[in-house]
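Novice:
Numbering (our numbering), first residue to last: 73 to 319.
(1) How many angstroms separate the CA atom of residue 212 from the CA atom of residue 233?
(2) Tell me whether residue 299 sits in a helix, a strand or coil according to DSSP, three-state version.
(3) Output yes or no for whether 8 Å exceeds the beta carbon distance between residue 113 and residue 81.
(4) In terms of DSSP beta bridges, what is residue 163 paired with?
(5) Looking only at DSSP bridge pairs, what is residue 279 linked to?
(6) Nearest by alpha-carbon distance to residue 239: which of 154, 146, 314, 206 is it?
(7) Please list the terminal residues of the continuous beta strand (DSSP E) segment that includes residue 313.
(8) According to DSSP, is residue 157 part of a helix, a strand, or is it coil?
(9) Tell me which residue opens and which closes the alpha helix (DSSP H) that residue 138 is part of.
(10) Return the CA-CA distance between residue 133 and residue 158, expressed in angstroms with no decimal places.
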């Protein structure tokens, strides 16, 4: 019998530690498949941020640098400028990138740094107890917004893919989701495009991936997946917000 589905070479053969229903593993696989397809594993450097995303180094068979909280784009900038022959990407969560790391991501994008950013948006601080994040949706209850996010007091959620698409230095910005086979296939295509932009030297590329956090949402995996479809995607629409090739 021919094997038609296997672990990407860019992923280590280890057991996952992520919570049941967490979709980091799916996103990891899509990133690894892009590396394998372009044959870039041996020259790729991953920049791990603080949060659940930090475990990048446990799963990818590549060189990984751990950055201080929110500073992954700055560390990636240094790595890429020092070694322009390398493929450099950051892997960040919403509490990391859109909160403490807001300045770093905006300025790296605005400068057009030749890096790829994978941004996992699950609308909560996953590692530290489910606090309200910059992406927490209106009315969403968290450990620090037990009555729901109040736009009047807390402001509206950041829509990072749209925000960054307005910067001249950004070559590619898209939002994807991994809650269904159809969306996973589209996410695979967009992640591949983001890495292709770097491989071909086209500039800064950004992927926002909508993901679930069943543990901190207080849901089982099926409920969380349905919530992503019913609530997150309508608020954070899936789209390519900037593609410099089409400008």
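For each residue, glycine too, the CB sits at the ideal point set by N, CA and C.
Specialist: The answer reads as follows:
(1) The residue given as residue 212 occupies position 140 in the chain shown. The residue given as residue 233 occupies position 161 in the chain shown. Whole-angstrom Cα-Cα distance: 21 Å.
(2) As a working mapping, residue 299 is identified with position 227 in the chain shown. Correct three-state label for residue 299: helix.
(3) Along the chain shown, one-based indexing puts residue 113 at 41. Along the chain shown, one-based indexing puts residue 81 at 9. Yes, Cβ-Cβ distance for residue 113 and residue 81 is below 8 Å.
(4) Your numbering for residue 163 matches position 91 in the chain shown. For residue 163, which the question treats as bridged, DSSP gives the partners 120, 190.
(5) The count along the chain shown starts at 1 and reaches residue 279 at position 207. Answer is 190, 246, bridged to residue 279.
(6) Position 167 of the chain shown, counted from the first residue, corresponds to residue 239. Looking at the Cα atoms, 314 is the closest of the given residues.
(7) Start at 1 with the first residue of the chain shown, and residue 313 comes out as number 241. Note, residue 313: beta strand (DSSP E), 311 to 315.
(8) The residue labelled residue 157 in the question sits at position 85 within the chain shown. DSSP places residue 157 in the coil class of the three-state scheme, outside both helix and strand.
(9) Here residue 138 is taken as the residue at index 66 of the chain shown, counted from 1. Where residue 138 is concerned, there is no enclosing alpha helix (DSSP H), although the beta strand (DSSP E) it sits in stretches over 135 to 138.
(10) For this step, residue 133 is matched to residue 61 along the chain shown. For this step, residue 158 is matched to residue 86 along the chain shown. Distance between residue 133 and residue 158, taken at the CA atoms: about 15 Å.
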